[in-house]
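Asks:
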Amino acid sequence: MNLAAQTVQLLPLVDVVAQYQCLDWELDQAVLNVLAKGKYVLGPEVEQFEDAFAHYTGARHCIGTITGTAALHLVLRACGIGPGDEVIVPALTFFASASAVSHTGATPVFCDVEWETACLNVNHLAALITPRTAAIVAVHLYGRALDLQQLRIIADKHRLLLIEDCCQAHGARVSRRHVGTFGHAGVFSFYPGKNLGTCGEGGAIITNDTGLAERCRQLRDHGQIRRYHHAKLGYNYRMPTMQAAVLLAKLPYLDDWNTQRRRAAAFYAKALGDLPLWTPPYSDEDGHVWHLYTVRTPRRSELALWLNAQGSAYGLHYPLPLHLQPAYRHLGYRPRDLPVAERIARETCTLPLFPEITQTQQKKVIRALYGFFGREYDELLEKH
Ligand SMILES: *Cc1c(COP(=O)(O)O)cnc(C)c1O
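When you line the sequence shown up against numbering that gives the first Met the number 0, it's residues 0 to 383, in that order.
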């Protein structure tokens, strides 16, 4: 048997190499330049990137970190969150949104999400706020910018910190204002598959609060005030220079990439609208940067297998909500406690989407979805 012939080339969920191929010369130069100069950690490119990202988002300060998880942990610590505190976190997000809270010693309190947006349902907040509540972590899930006005009013009324997890929403804006600037701070991840991704790990905090920015900077580097003098117990969460150099080279393309993502999402939305499948409400505004394109069906497991058989990768974001994770068993949640998050977790399937995806590639996915529902995809309808 010929094994090579058996291995079908799957259309990937994200194609980071395609992005490298578009920018290879620029990225090679950026990396080689750092290699030659030798200041490999917190080198000049880190500060340049921090300035560029602060300018891009409209925030007063940006602090580069080693990961998005570290950025969230760092900002929570710098805000004084710790043992005895409760922090409200949506039940449907990447694990780090909650684990960073737990690592401060505080307790995450999980909030159910809205069916339409898969983001925090503000109507549930009042019931979750106690005298111990210290902060809310709002997650702009899948790249969709949450409108934080209502959340900010609730947070201010109860004197809670509002931290935005923007790890999936680089470039998303609400009324032309960048996510991460509505709360007290915003955190970003530059993991390779994100809308702005580096060639390793990376993260950042943005804030308009100068005191908070200074505390973050200090805690990022072992709490040092000067070399080998430690004012506080800090961490090694420093950003490597090479990651900053790659991000500096890529940042000017972020808005264009997001436009390409939006175009691809519009193509899916139009083609899939007639199928008995939940598709995300499409809008061509910059409030959604389409980090992930997620569809929903009660037949999700079948659909996932079918997509693979038809040559397309798929993703599950996320198959198990956080309140039901084994790591949080001690918090005592039970199935059906947060029914919307649980249903989305059961029914969601992520389709391939990245800036460089071609219509031919998307049609392969669309044809597979039509086939799943026993329908014929008429490509001619797509021609305008
Ligand atoms: C990716 C991600 C993180 C963590 O970022 P890392 O850089 O991988 O540590 C946190 N929250 C959300 C919502 C994410 O998608």
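Heads up, the beta-carbon is just placed ideally off N, CA and C, and yes, glycines get one too.
These numbers were taken from a predicted model, which means no experiment stands behind them.
Buried or exposed for residue 267, going by 16 or more other Cβ atoms inside 10 Å?
Replies: The residue given as residue 267 occupies position 268 in the sequence shown. When all chains shown are included, residue 267 counts as buried.
Asks: Would you call the stretch 285-295 and the stretch 350-366 in contact, with 3 or more CB pairs under 8 Å?
Replies: yes
Asks: Which of the three DSSP states is assigned to residue 309 in this structure?
Replies: Residue numbering aside, residue 309 sits at position 310 when the sequence shown is read from its first letter. Annotated three-state conformation of residue 309 is coil, per DSSP.
Asks: Grouping DSSP H, G and I as helix and E and B as strand, with all else coil, what is residue 271?
Replies: Residue 271 sits at position 272 when you count from the first residue of the sequence shown. Three-state DSSP puts residue 271 in a helix.
Asks: Would you tell me roughly how many angstroms separate the C-alpha atoms of residue 90 and residue 340, rounded to the nearest one?
Replies: Within the sequence shown, numbered from 1, the residue matching residue 90 stands at position 91. Within the sequence shown, numbered from 1, the residue matching residue 340 stands at position 341. Cα to Cα, residue 90 sits roughly 6 Å from residue 340.
Asks: Report the CB separation of residue 105 from residue 80 in whole angstroms; it is logged as a contact under 8 Å.
Replies: By one-based count along the sequence shown, residue 105 stands at place 106. By one-based count along the sequence shown, residue 80 stands at place 81. With 8 Å as the limit, residue 105 and residue 80 qualify as a contact, their Cβ atoms being about 5 Å apart.
Asks: DSSP on residue 189, reduced to helix/strand/coil?
Replies: Stepping through the sequence shown from its first residue, residue 189 is reached at position 190. If DSSP states are grouped into helix, strand and coil, residue 189 belongs with coil.
Asks: For residue 48, which of 62, 171 and 37 has the nearest alpha-carbon?
Replies: Position 49 of the sequence shown, counting from 1, holds the residue named residue 48. If we check each option's Cα against that of residue 48, 62 comes out closest.
Asks: Taking residue 124 as part of the alpha helix (DSSP H), name the residues at either end of that continuous run.
Replies: Locating residue 124 in the sequence shown gives position 125, counting from the first residue. Its alpha helix (DSSP H) spans residues 124-127.
Asks: For residue 198, does the three-state DSSP call read helix, strand or coil?
Replies: Along the sequence shown, one-based indexing puts residue 198 at 199. For residue 198, the secondary structure class from DSSP, reduced to helix, strand or coil, is coil.
Asks: Can you tell me the Cα-Cα spacing of residue 88 and residue 307, whole angstroms?
Replies: As a working mapping, residue 88 is identified with position 89 in the sequence shown. As a working mapping, residue 307 is identified with position 308 in the sequence shown. Taking the straight line from one Cα to the other gives about 33 Å.
Asks: Have a look at 287, 248 and 244 and flag the residue whose alpha-carbon is nearest the alpha-carbon of residue 262.
Replies: On the sequence shown, residue 262 is found 263 positions in, with the first residue counted as 1. For residue 262, the nearest C-alpha among the options comes from 287.
Asks: Using the Cα positions of residue 1 and residue 8, report the straight-line distance between them to the nearest angstrom.
Replies: In the sequence shown, counting from the first residue as 1, residue 1 sits at position 2. In the sequence shown, counting from the first residue as 1, residue 8 sits at position 9. With a pLDDT of 49 at residue 1, under the threshold of 50, the modelled position of this residue cannot be trusted; read the value that follows with caution. Looking at the two C-alpha atoms, the distance is approximately 15 Å.
Asks: Would you mind listing the alpha helix (DSSP H) stretches within the stretch 209-235 that are 4+ residues and don't spill past its ends, in chain order?
Replies: Those alpha helix (DSSP H) runs which fall completely within the stretch 209-235 and span 4+ residues are 209-219.
Asks: Can you grab the Cα-Cα spacing for the pair residue 186 / residue 118, in whole Å?
Replies: Position 187 of the sequence shown holds residue 186. Position 119 of the sequence shown holds residue 118. Residue 186 and residue 118: Cα-Cα distance of roughly 16 Å.
Asks: Which stretch, first to last residue, makes up the beta strand (DSSP E) that contains residue 339?
Replies: The residue given as residue 339 occupies position 340 in the sequence shown. Here residue 339 belongs to no beta strand (DSSP E); instead the alpha helix (DSSP H) covers 338-346.
Asks: Any heavy atom of ligand 1 closer than 8 Å to the Cβ of residue 92?
Replies: For the purposes of this step, residue 92 is taken as the residue at position 93 of the sequence shown. Residue 92 Cβ: within cutoff of ligand 1.
Asks: For residue 264, which residues of its own chain have a beta-carbon under 8 Å away from its beta-carbon, when the five flanking residues on both sides are left out?
Replies: For the purposes of this step, residue 264 is taken as the residue at position 265 of the sequence shown. If we look at residue 264 and ignore the five residues flanking it on each side, its Cβ neighbours are 279, 281, 287, 289, 292 and 352.
Asks: Just to confirm before moving on: does the CB-CB distance between residue 33 and residue 42 stay below 9 Å?
Replies: Here residue 33 refers to the residue found at position 34 when the sequence shown is read from its first residue. Here residue 42 refers to the residue found at position 43 when the sequence shown is read from its first residue. For residue 33 and residue 42, yes; Cβs fall inside 9 Å.
Asks: Once DSSP output is grouped into helix, strand and coil, what is the label at residue 102?
Replies: Counted from its first residue, the sequence shown places residue 102 at position 103. Here residue 102 sits in coil by DSSP.
Asks: When the Cα atoms are used, what is the spatial distance from residue 232 to residue 359?
Replies: As a position in the sequence shown, residue 232 is number 233, starting the count at 1. As a position in the sequence shown, residue 359 is number 360, starting the count at 1. In a straight line, the C-alpha of residue 232 is about 53 Å away from that of residue 359.
Asks: If you check the beta carbons only, do residue 58 and residue 206 fall under 9 Å apart?
Replies: For the purposes of this step, residue 58 is identified with residue 59 of the sequence shown, where counting begins at 1. For the purposes of this step, residue 206 is identified with residue 207 of the sequence shown, where counting begins at 1. Pairing residue 58 with residue 206 gives a Cβ-Cβ distance under 9 Å.
Asks: Quick check: what's the CA-CA separation for residue 4 versus residue 323?
Replies: One-based indexing of the sequence shown puts residue 4 at position 5. One-based indexing of the sequence shown puts residue 323 at position 324. With a pLDDT of only 49 at residue 4, under the threshold of 50, the placement of this residue in the model should not be trusted; the figure read from the coordinates follows. Taking the straight line from one Cα to the other gives about 41 Å.
Asks: From the DSSP output, which residues share a beta bridge with residue 63?
Replies: The count along the sequence shown starts at 1 and reaches residue 63 at position 64. According to DSSP, which records beta bridges pairwise, residue 63 is partnered with 203.
Asks: On a Cα-Cα basis, can you pick out the residue from 137, 143 and 107 that is closest to residue 131?
Replies: Within the sequence shown, residue 131 is the residue found at index 132, counting from 1. Checked all of 137, 143 and 107; the closest Cα to residue 131 is 107.
Asks: Would the beta-carbon of residue 96 be found less than 8 Å away from any heavy atom of ligand 1?
Replies: Working through the sequence shown from its first residue, we reach residue 96 at position 97. Yes, ligand 1 has a heavy atom inside 8 Å of this Cβ.
Asks: Since residue 196 contacts residue 15 with CB under 8 Å, what's their CB separation in whole angstroms?
Replies: Against the sequence shown, residue 196 aligns to sequence position 197. Against the sequence shown, residue 15 aligns to sequence position 16. 7 Å between Cβ atoms; contact.
Asks: Thinking C-alpha only, which one of 249, 236 and 166 is nearest residue 20?
Replies: On the sequence shown, residue 20 is found 21 positions in, with the first residue counted as 1. Cα-wise, what sits closest to residue 20 is 249.
Asks: Measuring CB to CB, does residue 92 end up less than 9 Å from residue 321?
Replies: For the purposes of this step, residue 92 is taken as residue 93 along the sequence shown, with counting starting at 1. For the purposes of this step, residue 321 is taken as residue 322 along the sequence shown, with counting starting at 1. Cβ distance < 9 Å, so residue 92 and residue 321 count as in contact.
Asks: Taking the CB atoms as reference points, tell me whether residue 188 and residue 70 lie closer together than 9 Å.
Replies: As a working note, residue 188 is residue 189 in the sequence shown. As a working note, residue 70 is residue 71 in the sequence shown. Yes, they are a contact pair.
Asks: Which residues bound the alpha helix (DSSP H) around residue 366?
Replies: By 1-based counting over the sequence shown, the position of residue 366 is 367. 358-371 is the span of the alpha helix (DSSP H), which, as asked, contains residue 366.
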